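Student:
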Amino acid sequence: MTRKILVVYATKAGATAGIATAIGAELRRGGHEVDVCEASGAGPIAKYEAVIVGSAIYMRRWRPEAVDFLRMHVHELRDRQVWLFHSGPVGPDKDQAQAMPRKVARLARKIGAAPATTFAGRLEPETAKGFLAKRIAQGNLAADSREWLRIADWANDISSAISAVEHTP
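Going by our numbering, the first residue of the sequence shown is number 2, and it counts up by one from there.
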């Protein structure tokens, strides 16, 4: 059964946007109607049955736009299926789950969302922003570590979970 799903994201250098786009494409392949947009540009969410929120995570922090989206819609999100993800780790730690920042964890509890899934990120000299990121991107940690198959599998699991829930107009 087709569901209306919103995928919102906040990105620093574009890697999280790429992940959100891939999630949206996979959900569409699962037969759902999907909108993918930046968290700062998301409008009302009333027409969506499920929402996926993603953010770049850097120095244990989510992008402020993603946190603001959760805060602004906390009451509406309680009535929907919600999944969270963050992306960012590269190098030897790319496969380690990253803990949600405290304020995001509090909002997730209020919403009833499970902890965020961590996806490896991308750090390349061409897209690095900020002194530290640019410096690190010049070294051996520079890479696109996103695991597209893992992202697709996660999106497929979400598609199945959404389809399994009774539709309540």
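Cβ coordinates follow ideal geometry from the N, Cα and C atoms, glycine included. Note that the structure is a prediction, hence the values are computed from the model and not measured.
Between which two residues does the alpha helix (DSSP H) carrying H76 extend?
Tutor: Residue numbering aside, residue 76 sits at position 75 when the sequence shown is read from its first letter. Looking at the DSSP string, the run of the alpha helix (DSSP H) that includes H76 is V75 to L78.
Student: How many angstroms separate the CA atom of A100 from the CA atom of K111?
Tutor: One-based indexing of the sequence shown puts residue 100 at position 99. One-based indexing of the sequence shown puts residue 111 at position 110. Those two C-alpha atoms are separated by around 17 Å.
Student: Give every residue of the same chain whose Cβ lies closer than 6 Å to the Cβ of A156, excluding the five residues on either side of it in the sequence, and list them in chain order.
Tutor: Sequence index remark: in the sequence shown, residue 156 carries index 155 (1-based). Closer than 6 Å at the Cβ level, and outside the excluded window around A156, lie I24, E27 and L28.
Student: Whose C-alpha, out of V35, E34 and A16, is nearest the C-alpha of R64?
Tutor: Residue mapping note: residue 64 aligns to position 63 of the sequence shown, counting from 1. For the residues V35, E34 and A16, the minimum Cα distance to R64 belongs to A16.
Student: I need the boundaries of the alpha helix (DSSP H) containing D94, first residue and last residue.
Tutor: Stepping through the sequence shown from its first residue, residue 94 is reached at position 93. Premise fails: D94 is in no alpha helix (DSSP H) and is neither H nor E.
Student: From W149 to R123, what distance separates their C-alpha atoms?
Tutor: Position 148 of the sequence shown, counting from 1, holds the residue named residue 149. Position 122 of the sequence shown, counting from 1, holds the residue named residue 123. One C-alpha to the other measures close to 12 Å.
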